[in-house]
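**Student:** In our numbering, the protein residues as written are 78 to 1031. Ideal Cβ positions, reconstructed from N, Cα and C, are used throughout, including at glycine. This is the structure I want to talk about, given as structure tokens.
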Amino acid sequence: MFPNITTRSFHAAQQLLAATAIAAFTACTDTINVTGLASQTRTDNARAIPNRLNIKLKACIVQHIDNSRNTLFIPTGSDLLDTYLRDVGANKIERIFPFAGKDEHRQRAAALNTWYSIAMDRTATRGTRAAAKHQLETIADYAEPAYHAVLESPEYISDDGDSETQANKGKYFNDPLYDKQWNLHNNGNIGNYTDATGKRIISSIAHADINAEAAWRQTTGDPSVVVAVVDGGIDIHHEDLQESIWINKNEIPDNGIDDDNNGYVDDVYGYNFTEDNALITPTRHATHVAGIIAARNNNGKGISSIAGGNGNPNTGVRLMCCQIFKNNPNYNPSDKHSPETIGTGDRNREAAAIVYGANNGAIISQNSWGYDRVMKQTPQVIKDAIHYFNTYAGGDKTDKPLMQGGLVIFAAGNDATSAPSMPSAESSVVSVSSFNPDFSASWYTNYGSWTDISAPGGSKPVNGLYPLQDGQPTSAILSTVPATTAHPNGGYAYMQGTSMATPHVSAIAALIVSKYGNARFTAKQLRERLLTGVRPMDYNKYLTETYRNSMGSGYADALVALTDYDHDTTPTAPLFLVNRAKPDYGKIRMAWTSKNNGANGSLQKYVLYCSKHPVTTANRANKDVIAYNIPAQFAKENQAIQYTVTHLDNNTKYYFGILAEARNGHQSSLTVLPNSIATLNNTPPQITPDTESERITLAGNDTRDITLRIEDHENHKWTVAFSTVDKLRIVHTKSGVNIHIEAKQYMPGVYPVTVSARDELGAKSSYRFIIEVVADKIPSMKTQARKIRLRLGERRQIDLREITDDEDVNSVKYELMNSEEQGKDVLVKDGRMDVVGSTWGQRQIHIKATDKHGQSGTMAFDVFVYRNEGIYSLFPTITSGMLYLKVGDTIDGHVKWQIRNVAGKLVKANAFDTSSLDADKRTYTMNVSSLTVGQYTLYITCQGKTYQEMFVKR
């Protein structure tokens, strides 16, 4: 749900908690249906606290222990409980909701006293875990992991210094920063500008605010109304907040005594659940939230707030500090994964903080936090705490009779998703999304049918909108932040997020109670006034398709929320406009006539019912009937209203019914569409390949190009997906895709590929082909090197195929690697090589051999051109000492040699055997240094043949 929070694997916790179960149990001896924690989808990747388990003890176990003590050590008084604790390696058990003194009877009535937390030993053996599972079934009604709460992580955008540096005064109150608070009063003149192309960029629209000024004419808040801020710590000494902080009048500070008997010591301003003491430590998030609700108005300092009074000390609501986050001592601003604040850790006290508010006079619980977005369900212990606040807040707990019950409000989250966010998606709380100063949905906000209402959350500069002005944001939310060395009396800063939107709603709720609160006023009435207190406008016209009808009942409007309405009226049933109904692919546009006026409260919304079966008054609440809540507070009498029902099946008949609902919750009779309407038949995109074969066989350096033509007969937009894109080169075109395949990218084998084309309505077709890559040799010579010996002037032809090693030698093509040699004394053509010994000496010829799969190898030939077939060379021809004789290939075996002078006189003789020579060099060495200077002739005789060459001794 919340960004910049790294989720941790729950796998280790699952192993350690394998003994636990999450189920509804009854008496101690009952047979139990156990569902192991390992199967709970809601825990997948959630940030569970390692080795921590929350359990709800059975009443029969609680009877045997001292339940008034917050911590029990073994022996607890219950043998069954002691056995379980020993099996999981624990020596104590701690109450999640501490003993509450004078309020304990209410906690007992709600069974909160039965919730305990256990820290387990991670080294527990498999045997003890198995034993623990059996024991848990006998002692607990419910068991679940404990989870880390995460702060909603708004984006801190800019510091605006302190109020003393501001020169301008506000128009309504004298708070100097009021003109920067578009969220309270938006004239539509912030962040609008003309860009370099001359286009007018609109970042704000008049009245995209909560209409605070008009509401202040009715009330600015009553100090008897207390809002519990369940968050980090509020800066209780801030110049713009200190007079709005709730004070526990029955508690004497710093005496170490629980004077008011509420279970907490020295809790004058609230309680710090992160440290289990009454010292509130300021955090930016909580202080910013608090300022939006109740910074002091008309005090000549800082900002204005929604419910911060009018300057009179006896006005403005009060803020109770319920601290569940503290500053992270290891916070690294440059690391996006480093949280600025951390929670209660293994203390696991968020639920207790919510209950604290109810027990100490708060009637509204403000919560801009939650759990990892992978959570699919809210922890049961939090559900119980919320239920307790909704049930037991108010009543005799407030300074004067204000309301029966309480209201819990949560931020929807900043993940830009429609997936339900916990606990915000619980029906028992009010979920708040965020909008911008131009009425658009904030780009980060969560949204969906589970959200209840929207409020200003602001935005940093994005996509050319909401620019900075003089280095400061124009469109984020300005509020209080804790004091710093530079700003010792408290600072002011801009933030964005549903964290900022939520306190707007909490503050409006506080204003409603300030005006209407009495002994008979109920939390249900508050919720009704709050969620129907939205601006009378069709907010959908400012939203993209993604967010339409997904931002709750509308945009919070403080004046509308405070305006009374007829509590007895019942709206007239609307009439379908059958001729305006329009079926489409996967959707149907419906139309009807409004018979009431939203401005007078007789019309708040329409409920449109859709089903594959006829809709009736009796079945409209069935699961197979989908209900769409359509805001209509803006509608006028006889106005035609249109709404498109989406995500329907194609080529399917649907039935519809509709009713109107007034602001008071009264509903009209149901109007039923007499006939069904069928969606159009949508066919999937057609994929046509340019090849008939579905198996593509390649080898070596083969390549293949495939073109898939994709056509949608209904002209719907389509997208293409591949089962694998690894090693494929894909080019998307307007008419399909081009696929380039290279065999060299693959090892030999078979590679199936499925291409899917899906249209915008979800209809899908597929085409499957197989890439088969076979092994292929690189052409090579059958011998490592080929020697060619030519007599000077001799021509020889060599059939290259006979000496080539390849699967298909007849397909191999040959070419000289030195193309300049072609045609001179070497000619390669038609698989043959002609070589001419035109020049005496040694050289190399390199030929490139390429097979039909594009693989190439090199064939090297050593060519030696000789004049004397017996003596290939005698060198050096002028020598002073050594003489080297390279014998020809015809010389084999015993060789006699003689050296004679020009007179024919024998001067030196000897013999050798060719077997003694190096097989490749075939060179014999003679030392002629003893000879006199002159010309000599060398004679060698082998197998009856004699060969001669001349040399000079110098």
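#1: For a test of the three-state rule: what should DSSP assign to M936, helix, strand or coil?
#2: How is the alpha helix (DSSP H) around H182 delimited, first residue to last?
#3: Rounded to a whole number of angstroms, what is the C-alpha to C-alpha distance between T990 and T967?
#4: Please confirm whether V306 and Q454 have their CB atoms less than 9 Å apart.
#5: Run through the DSSP bridge pairs and tell me what I554 is partnered with.
#6: Would you give the residue range spanned by the alpha helix (DSSP H) that K460 belongs to?
#7: Would N251 count as contacting chain E if we go by Cβ distances under 9 Å?
#8: Please determine, among D353, L228 and V303, the residue with the shortest C-alpha to C-alpha distance to N147.
#9: Leaving aside the five residues before and after T729 along the sequence, list all residues of the same chain whose C-beta is less than 8 Å from its C-beta, in chain order.
#10: Report the three-state DSSP secondary structure of T621 (helix, strand or coil).
#11: Please state whether DSSP places N978 in a helix, a strand or coil.
#12: Hey, how far is the Cα of I279 from the Cα of I370?
#13: Quick one, are the C-beta atoms of N467 and K403 less than 9 Å apart?
#14: Are the CB atoms of A518 and Y524 nearer to each other than 9 Å?
#15: Can you tell me whether D236 is helix, strand or coil according to DSSP?
#16: Between Y193 and E171, how many whole angstroms is the CB-CB distance? I'm expecting something under 8 Å.
#17: Give me the Cα-Cα distance between H141 and I216, rounded to the nearest whole angstrom.
#18: Rank A226, G548 and G777 by C-alpha distance to the C-alpha of S501 and give the top, closest one.
#19: Identify whether N728 lies in helix, strand or coil by the three-state DSSP scheme.
#20: So, is N260 buried or exposed, given that buried needs 16 or more other C-beta atoms within 10 angstroms?
#21: For G166, does the count of other Cβ atoms within 10 angstroms reach 16, so buried, or fall short, so exposed?
#22: Is there contact here, the segment 636 to 653 with the segment 673 to 685, by at least three beta-carbon pairs under 8 Å?
#23: Sort out for me which residues DSSP pairs A834 with in a bridge.
#24: Identify which residue in R1031, N887 and A980 has its Cα closest to the Cα of I955.
#25: Which value, in whole angstroms, describes the spacing of the CA atoms of S552 and S576?
#26: Could you check what DSSP says for K601 in three-state terms: helix, strand or coil?
#27: By the DSSP assignment, the alpha helix (DSSP H) with H362 in it spans what residues?
#28: Across which residues does DSSP place G734 in a beta bridge pair?
#29: At which residues does the alpha helix (DSSP H) containing Y705 begin and terminate?
#30: Hey, quick one: how far does the alpha helix (DSSP H) through Y161 stretch, first residue to last?
#31: Between the alpha carbons of Y1016 and V889, how many angstroms are there, rounded?
#32: Unbroken beta strand (DSSP E) runs of length 3 or more, entirely within the segment 477 to 531: which are they?
#33: Should the segment 288 to 296 be called in touch with the segment 309 to 319, which here means at least 3 C-beta pairs below 8 Å?
#34: Secondary structure at S442, three-state DSSP: helix, strand or coil?
#35: Excluding the 5 residues preceding and the 5 following T494 in the sequence, name in chain order all residues of the same chain whose CB lies nearer than 6 Å to its CB.
#36: Strictly by DSSP, which residues pair up with Q744?
**Tutor:** Put simply:
#1: strand
#2: E181 to A186
#3: The residue you asked about is not Thr; residue 990 is Asp in the sequence shown. Taking the straight line joining both Cα atoms gives about 13 Å.
#4: Cβ distance not < 9 Å, so V306 and Q454 don't count as in contact.
#5: M572
#6: Q457 to Y469
#7: Among the chains of the structure shown, chain E does not appear; only one protein chain is present.
#8: D353
#9: Answer for T729: K689, A755 and T756, listed in chain order.
#10: Shown here, T621 sits in coil according to DSSP, grouped into three states, outside any helix or strand.
#11: Residue state for N978 is assigned as strand, using DSSP reduced to three classes.
#12: 28 Å
#13: no
#14: Yes, these two residues count as a Cβ contact at 9 Å.
#15: D236 falls in the strand class under three-state DSSP.
#16: 6 Å
#17: I216 has its alpha-carbon roughly 11 Å from the corresponding atom of H141.
#18: A226
#19: coil
#20: Buried: at least 16 other Cβ atoms inside 10 Å.
#21: buried
#22: yes
#23: Answer by DSSP bridge pairing, in chain order: V797 and S842.
#24: Out of R1031, N887 and A980, R1031 has the C-alpha closest to the C-alpha of I955.
#25: C-alpha of S552 to C-alpha of S576: approximately 15 Å in a straight line.
#26: helix
#27: R361 to A371
#28: Y686 and V749
#29: Here Y705 belongs to no alpha helix (DSSP H); instead the beta strand (DSSP E) covers I703 to P708.
#30: Here the alpha helix (DSSP H) through Y161 covers D156 to D164.
#31: 47 Å
#32: 484 to 488 and 507 to 512
#33: no
#34: strand
#35: N523
#36: In the DSSP assignment, Q744 forms a beta bridge with E738.
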